[in-house]
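Taking it in order: structure first as structure tokens, then the write-up.
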Amino acid sequence: MSPTILSCPTCKATVEWSDKFPFRPFCSQRCQQIDFGGWAQESFAIKGAALLDPEMLDADQLTKELLDAGLIDPDLLDSEG
Ligand SMILES: [Zn+2]
25 MSPTILSCPT CKATVEWSDK FPFRPFCSQR CQQIDFGGWA QESFAIKGAA LLDPEMLDAD
85 QLTKELLDAG LIDPDLLDSE G
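Structure representation (structure tokens):
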């Protein structure tokens, strides 16, 4: 009996639905984190928008919190000072 074959949602690599791929349906932990990171940021943004008064929102503080929580990759930040 051959195992189920699927595609990694992040990079489309072939993933076997077996213990060979502990991060299935992702091919690797990296791809799992990329996908989760995207989801978490989106979720956080929605929550933040609902809970925070935009006038009270400190972008730098929010960025720092997201970084501390590991929800965003510092390399992705386009910092200009
Ligand atoms: Zn992948």
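Residues are numbered in my numbering as their position in the sequence shown, beginning at 1, plus a constant of 24. Glycine included, C-beta positions come from ideal geometry on N, C-alpha and C.
- Got a sec: does ligand 1 put a non-hydrogen atom nearer than 8 Å to the Cβ of S42? no
- Query: Among residues of its own chain, excluding the 5 on either side of S42, which ones have a beta-carbon nearer than 7 Å to its beta-carbon?
  - Reply: P27
- Query: Does the Cβ of T87 lie closer than 8 Å to at least one heavy atom of ligand 1?
  - Reply: no
- Task: Report the residue from K44, D59, M25 whose alpha carbon sits nearest the alpha carbon of K36.
- Result: D59
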